[in-house]
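Okay, structure first, notes after.
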Amino acid sequence: MVATWKLWLSLFSVCSLLCTAVTQLQLEPLNSAVLQGSDARFNAIVQGSWDIMTWNVGGHLVLTVRSPSEIISSENYNATFCSSGQGACVEFTIFNVSRTQAGPVVCSVQGSYIPQIAQLSVQDSGTVSITGGNVTVMKDQQVEFQCVTTGWFPIPSVSWNQNGQAVNSSLYNTTSMAEGDFFNSTSVLKIRAVSNTKVECTVTLPSLKTPQSSSVFMVIVPNPPDWTVLISVVVSFGGFALLVLLILGIIFCYKRRKEKKPNYQDEMRKVRAESLNNAPEHQKGQVNLSYVPDNQIKVTPNVLQENGQNNLKTPGVNNTAGESGFMKHRHLTIV
Ligand SMILES: *[C@@H]1O[C@H](CO)[C@@H](O)[C@H](O)[C@H]1NC(C)=O
Ligand SMILES: *[C@@H]1O[C@H](CO)[C@@H](O)[C@H](O)[C@H]1NC(C)=O
Ligand SMILES: *[C@@H]1O[C@H](CO)[C@@H](O)[C@H](O)[C@H]1NC(C)=O
Ligand SMILES: *[C@@H]1O[C@H](CO)[C@@H](O)[C@H](O)[C@H]1NC(C)=O
Ligand SMILES: *[C@@H]1O[C@H](CO)[C@@H](O)[C@H](O)[C@H]1NC(C)=O
Ligand SMILES: *[C@@H]1O[C@H](CO)[C@@H](O)[C@H](O)[C@H]1NC(C)=O
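Numbering (mature numbering (1 follows the signal peptide of the UniProt record, and there is no 0)) for the sequence shown: -21 to -1, 1 to 314.
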């Protein structure tokens, strides 16, 4: 009884081992992104005994492996046997991959194996450049950089670095547009100029081992002097100087006037003194008073009118009028 029970147990364990081994086909990687023109590789690991393995790309049978070692390949496809601890290993290679080969890569093994499907994506790297080159800016100025990428597939991821430090993505915007089978992108970075910086635009794809980049230098120049301050300083100083000059001028003029006034009076005194000395001659002049008004008549129209009236009145009778006229003449000579 015990012997038969042990026999059944061993039979079951053998069967379970065989059963699991028979259906095992592994494919890796299940997703592969490669650059156009490079090679794509997939590994198939088969457990259990098998005879024929086939590979389909783009719906076409491209390679057949016949166990244990025969490989029937077509152009741009080949396979080699690799080592694996778990079973037979076949490395399938697509050389010089093109975009038309993108899609499912199917590995099938004849028998009760479930076909395995991997996804192949073929990418293209184009060019990248920061337009405008090096820039010279003033401190605290808002600076805009533009990074242009052309001929990429699919849309690449664009990022920016400042002196090797990643720039916060809230500081840039990237837009892309299709150009045939490719994409062009434009990324705009807006930053404030703080210090001399190396600004770098980095573009990458999953298939790209080393990202492409373009960099420029941002050089800060010192701010020019604040002209408004300078101008206000000059203006206020100038205004002050003008004010001082004005005050000085007023004081000077005032002093000169004060000095002149006594001089004038002195001269007047001199004149009077002279007139006293030459009394006889002057008396003659005074006698000539009647002549002086003639000059005055010519000068002042007011006097002319009055004189005219006087002249008209004198022939009449009025002595008083004549006297008053005389008085006026006298007054005028004094002035
Ligand atoms: C495929 O690879 C094998 C082993 O490396 C090589 O001998 C064979 O010539 C290759 N076939 C083609 C068509 O390249
Ligand atoms: C790769 O394939 C392209 C066409 O898809 C062809 O023009 C080119 O010459 C090929 N390169 C090599 C190295 O075979
Ligand atoms: C930008 O500046 C760097 C360093 O000063 C210099 O090596 C590079 O040639 C400059 N590039 C251009 C486009 O002027
Ligand atoms: C990026 O900037 C935003 C808004 O200015 C801020 O909330 C966020 O924390 C920043 N991220 C990093 C990594 O600095
Ligand atoms: C990015 O675009 C959004 C919407 O158009 C705008 O609000 C934001 O200011 C832009 N940011 C930069 C850094 O240009
Ligand atoms: C993409 O870039 C190329 C090269 O600079 C240019 O000729 C083409 O017009 C661009 N296409 C679009 C849609 O911007």
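For each residue, glycine too, the CB sits at the ideal point set by N, CA and C. Bear in mind that the values here come from a model prediction, so they are computed numbers and not experimental data.
Item to check | residue 146, enclosing beta strand (DSSP E) - first and last residue | outcome: Premise fails: residue 146 is in no beta strand (DSSP E) and is neither H nor E.
Item to check | 6 Å Cβ shell around residue 61 - same chain, five flanking residues per side excluded | outcome: 68 and 70
Next on the checklist: Given 6 Å as the limit, tell me if residue 57 has its C-beta closer than that to any heavy atom belonging to ligand 1.
Outcome noted: yes
Item to check | Contact between the stretch 94 to 111 and the stretch 182 to 191 (3+ Cβ pairs under 8 Å) | outcome: yes
Next on the checklist: So, at 6 Å on beta carbons, what are the nonlocal neighbours of residue 88 in its own chain, with the 5 sequence-adjacent residues on each side left out?
Outcome noted: 4, 25, 29 and 32
Checklist entry - Going by the CB atoms, is the gap between residue 86 and residue 109 shorter than 7 Å? => result no
Checklist entry - Quick one: what does DSSP say residue 231 is sitting in, helix, strand or coil? => result helix
Next on the checklist: Please state whether the Cβ-Cβ distance between residue 163 and residue 199 is less than 7 Å.
Outcome noted: no
Checklist entry - What three-state label does DSSP hand residue 100 in the structure shown? => result strand
Checklist entry - On the premise that residue 146 lies in contact with residue 140, defined as a C-beta separation below 8 Å, what is that separation, rounded to the nearest angstrom? => result 6 Å
Item to check | Distance between residue 50 and residue 133 (C-alpha atoms, nearest Å) | outcome: 34 Å
Checklist entry - Is residue 197 buried or exposed, if buried means 16 or more other CB atoms sit within 10 Å of its CB? => result buried
Item to check | Close beta carbons around residue 36, own chain, < 7 Å, minus the five adjacent residues each side | outcome: 73, 80 and 84
Item to check | Local conformation of residue 130 per DSSP, three classes | outcome: strand
Next on the checklist: Is residue 35 near ligand 4 - that is, is its Cβ less than 6 Å away from at least one heavy atom of it?
Outcome noted: no
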